[in-house]
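Colleague: One structure coming up, written as structure tokens, with questions to follow.
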Amino acid sequence: MSAVAVALLVESAGAYWDISYHSLNEVDTFFQPAHMLIYSGAAGALAFGLVMAVVHKVKRFAILSAVILAAGYADMQWHETFGFDGLLSPVHVALMGATAGQAVAVFRMASTARAKTFALSAVWLSFAFALFMFSLPASKTEAFDFNPPALFTLGLGIVAFPLLSLLVMGQAKANGIRPVIVTAIYTGIISIATLAFNPHVSWIVPLFLLNVAGAYAIERWEVAKLFAGAGWLLTYAPFSAFVVGYGLYGQVAGVEQFTDMAIKTQWAIPLMVSAGGLVGLLLSVRTGLASKSFCSIVRR
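Pasting the structure below:
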């Protein structure tokens, strides 16, 4: 099970690398390195799906693998017909939906701590990428304009990413998985795949290490108990996805883009942190954890 989880991680890494590839204005064809990484992982997942279908009579995973391969062929035809394609092209939606479904299936079937750790990391990466697709203005091409309304993308980025982080960390805690390991895999893959191949923004990579440091602090000193849900959100949300993705995306190649990037990042970070804290606080009050934490602090 660990092997197929790693295959899904490879597939997700290729998807994030593809974003960087697009942002550098590279000629977009089907046979480009990021796509090859995506379909290498998909091939490994397909092999696992066939084994599950033949040996264990579990056909759902094989069906998802078949969807990915079919979408891969459709993606090749799309590139030959239209050239560049946006994040929200129908083919990409099918690819990411099937990948996310595979990640959830592997996580549910995994029986060892290692397999569950890899699978949960794949779940986080795939669902975060799905949110990227709907929250980044990167779906307008010469042929089609699939960009959602601006207010929708902003609201989705502010609310959905913190909630996703909370759900992932909740699953980690419930399944005995170390949050710092999941966070290290998540941030490491995003850092390498999305940023390290882009010379204009590679300097931002160290910021992702803050996620790992925060995860270790929560795990080591149980800081999250002071905030109940908000501690997780404030640690994992700000640099994990929307802020860096929305702030750095685009054809980053000159001073004007860097200025625009700085403006976006300045307003995105406070919104992300405040929204994450607010959602966490509301969840804490709802579950009664905030009052319990406050009482324990007062007694000390």
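In my numbering, the protein residues as written are -7 to 292. Glycine included, each C-beta is placed from N, C-alpha and C at the ideal position.
(1) Rounded to whole angstroms, what's the CA-CA distance from residue 176 to residue 63? Just pull it up for me.
(2) How many Å lie between residue 266 and residue 124 at the Cα?
(3) When you compare the CB positions of residue 169 and residue 109, do they come within less than 7 Å of one another, or not?
(4) Excluding sequence positions up to five away, which residues of its chain have a Cβ less than 7 Å from the Cβ of residue 140?
(5) What number of angstroms, rounded off, separates the C-alpha of residue 8 from the C-alpha of residue 46?
(6) Between the stretch 34 to 44 and the stretch 65 to 81, do three or more beta carbon pairs fall short of 8 Å?
(7) At which residues does the alpha helix (DSSP H) containing residue 168 begin and terminate?
(8) Quick check: what's the CA-CA separation for residue 284 versus residue 166?
(9) My understanding is that residue 53 touches residue 97, with C-beta atoms under 8 Å, so please give their C-beta distance in whole angstroms.
(10) By Cβ distance below 7 Å, which residues in the same chain neighbour residue -2 in space, the five residues on each side in sequence not counted?
(11) How many Å lie between residue 148 and residue 55 at the Cα?
(12) Could you tell me which of 72, 88, 81, 82 sits nearest to residue 30, measuring between CA atoms?
(13) Residue 37 lies in the alpha helix (DSSP H); which residues open and close that run?
(14) Using C-beta distances below 7 Å, list every residue in its chain close to residue 119, excluding the 5 sequence neighbours before and after it, in chain order.
(15) Can you tell me whether residue 103 is buried or exposed, with buried defined as 16 or more other CB within 10 angstroms of its CB?
(16) Under a three-way DSSP split, which group does residue -2 fall into?
(17) Answer with buried or exposed for residue 3, where buried requires no fewer than 16 other C-beta atoms within 10 angstroms of its C-beta.
Modeller: Based on what the coordinates show:
(1) 30 Å
(2) Residue confidence for residue 266 is low, a pLDDT of 46 falling below 50, so the modelled location carries little weight; the figure read from the coordinates is stated next. Straight-line Cα distance between these residues: approximately 20 Å.
(3) yes
(4) 126
(5) 32 Å
(6) no
(7) Note, residue 168: premise wrong, no alpha helix (DSSP H); not H, not E.
(8) Residue placement at residue 284 is flagged as unreliable, the pLDDT there being 46, under the threshold of 50; the coordinate-derived value follows with that caveat. Note on geometry: alpha-carbon atoms of residue 284 and residue 166 lie some 20 Å from one another.
(9) That pair is a contact at about 5 Å.
(10) 110
(11) Between residue 148 and residue 55, the alpha-carbon positions lie close to 29 Å from each other.
(12) Comparing Cα-Cα distances from residue 30 to each of 72, 88, 81, 82, the minimum goes to 88.
(13) 25 to 47
(14) Correct list, in chain order: 92, 156.
(15) exposed
(16) For residue -2, the three-state secondary structure derived from DSSP is helix.
(17) Around the beta carbon of residue 3, a 10 Å sphere encloses 16 or more other beta carbons of the protein chains shown; the residue is thus reported as buried.
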